[in-house]
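For the sequence shown, numbering that gives the first Met the number 0 begins at 0 and goes up steadily by one.
Beneath this line is the structure, given in structure tokens, with notes to follow.
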Amino acid sequence: MQQDGTRTTQMSSLDEAAAYIKKLKERVDELQHRSRSMATSGAGGHGAVSPSTSGAGAVGSDHDDYYSAGADGEETTAPVLEVRHHVQDGSSSLDVVLICSARGEAGEVPRGDRRPRGRRRRDPQRQLLLRRQQNLLHRLLPGL
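Take a look at the structure:
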């Protein structure tokens, strides 16, 4: 009975974490959209790419969600969140992977996903939200 209560508590904590991460991802998308809107309105552009979120599986798994044009025309990638639930021999585990950037050695993008190279501007608010996500994951899953 004690184990069932612990599992329920862990699962509810993980559900809360997943909801919090989804909320942070939506906030990041909103900030990116706002940043692009300000950059294109100041530069006389054609408008900004509107962000969208996906509900299940990997966040940003759709090509239009995953790739978007930045303010300087450079293609950027949205963070990808993968959550996998494993049940084996009566125990349960959850793998959470947050992919913020996918670059190999010498700055090459793996698997043929090529993007124009150039200087990328760091958005401090986006970086803060990503750090908060990582800290939350480390608190909930200390083995990461």
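Glycine residues also receive a C-beta, built at the ideal position from the N, C-alpha and C atoms.
Presumed contact (8 Å Cβ cut-off) between Leu13 and Leu139, rounded CB distance:
Taking C-beta atoms under 8 Å as the contact rule, Leu13 and Leu139 qualify, at a distance of about 7 Å.
So, are the CB atoms of Val79 and Ile98 less than 8 Å apart? Ile98 sits close to Val79, with the two beta carbons spaced by under 8 Å.
Next on the checklist: With a threshold of 6 Å on Cβ separation, who are the neighbours of Asp94 within its own chain once the five nearest residues in sequence on each side are excluded?
Outcome noted: Once the five neighbours on either side are set aside, the close Cβ partners of Asp94 are Arg83.
Self-check item: Leu140 - DSSP class collapsed to helix/strand/coil
Solution: In the three-state DSSP reduction, Leu140 falls in the coil class, being neither helix nor strand.
Original post:
Just how far apart, CA to CA, sit Val27 and Asn134?
Top reply: Cα to Cα, the separation comes out at about 16 Å.
_DSSP-derived helix/strand/coil call for Arg121_ = In this structure, Arg121 counts as coil in the three-state DSSP scheme.
Among residues of its own chain, excluding the 5 on either side of Val96, which ones have a beta-carbon nearer than 7 Å to its beta-carbon? The beta carbon of Val96 sits closer than 7 Å to the beta carbons of Glu81 from its chain, once the five residues preceding and following it are set aside; these are given in chain order.
Fill in: Which listed residue (Ser36, Ser40, Leu30, Gln132) has its alpha carbon closest to that of Arg121
Shortest Cα-Cα distance from Arg121 to any of Ser36, Ser40, Leu30, Gln132 involves Leu30.
- Query: Can you name the start and end residues of the beta strand (DSSP E) that Asp88 belongs to?
  - Reply: Careful: Asp88 lies outside any beta strand (DSSP E) and carries neither H nor E.
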